[in-house]
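In the working numbering, the protein residues as written are 109 to 287.
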């Protein structure tokens, strides 16, 4: 992409290409059908940290640039936004915008998973993690979810013996969600 700016000095061309996302950012939107992002486009990730490897891929904890996403909306407390510009409301946020990104193994296109997740998303059940969307870039397919700081493996390791009420409540919740 730097070669496209041959009329600029190399340093300025490199700096422009590195910071272009600030001017023409990729906006990640909730409910978007699978999106193909060009290899030279920069995603609005401020941080992208591996959380672990699971079935069919690797999960990352991603911190998003707030004005470049509409995946996770949060209420801003005790502030009147009536006269402020919506594009600057992100400055008032107190918490980081975090999502989980599951990068599928090479060769997996995720079409089946996306179809199932989109169908489950319509249920809007509290026992089903919401599917935010998906995208492909550099021939890698990614699924996006709200970030949850606890995972099942860690829960089971921290509480190796769950009481029967917890087990039955969990099984009921799962069965109710799939009903």
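Ideal Cβ placement from N, Cα and C applies to all residues, glycine included. Note that the coordinates shown come from a computational prediction; the quantities given were computed from them, not determined experimentally.
Residue i - containing beta strand (DSSP E), residue span
i	result
residue 168	165 to 172
residue 155	153 to 162
residue 179	Residue 179 -> no beta strand (DSSP E), and no H or E assigned at all.
Distance, residue j Cα to residue i Cα
i	j	result
residue 122	residue 177	25 Å
residue 276	residue 268	16 Å
residue 253	residue 169	10 Å
residue 155	residue 271	38 Å
residue 139	residue 240	6 Å
residue 221	residue 119	43 Å
residue 131	residue 147	17 Å
residue 160	residue 225	21 Å
residue 306	residue 149	For the chain, the structure presents residues 109 to 287; residue 306 sits outside this window and is missing.
residue 214	residue 164	9 Å
residue 259	residue 114	49 Å
residue 184	residue 175	The pLDDT assigned to residue 184 is 46, lower than 50, so where the model puts this residue is not dependable; a value taken from the coordinates is nonetheless given after this. Cα to Cα, residue 184 sits roughly 14 Å from residue 175.
residue 142	residue 264	33 Å
residue 127	residue 278	46 Å
residue 247	residue 266	37 Å
Close beta carbons around residue i, own chain, < 8 Å, minus the five adjacent residues each side
i	result
residue 145	134, 151, 243, 244, 245
CB of residue i within 7 Å of CB of residue j, strictly
i	j	result
residue 116	residue 179	no
residue 235	residue 283	no
residue 204	residue 171	yes
residue 237	residue 210	no
residue 111	residue 125	no
Boundaries (first-last residue) of the alpha helix (DSSP H) holding residue i
i	result
residue 272	272 to 286
residue 116	Careful: residue 116 lies outside any alpha helix (DSSP H) and carries neither H nor E.
residue 266	260 to 266
Beta-carbon proximity list for residue i, same chain, < 7 Å, skipping 5 on both sides
i	result
residue 218	212, 242, 249, 251
residue 157	168, 169
Residues near residue i in its chain [Cβ-Cβ closer than 6 Å; skip 5 each side]
i	result
residue 228	236
- Message: Going residue by residue through the region 210 to 256, where are the continuous beta strand (DSSP E) segments of at least 3 residues, counting only ones entirely within it?
- Response: Listed in chain order, the complete beta strand (DSSP E) runs (minimum 3 residues) inside the region 210 to 256 are 241 to 245, 248 to 254.
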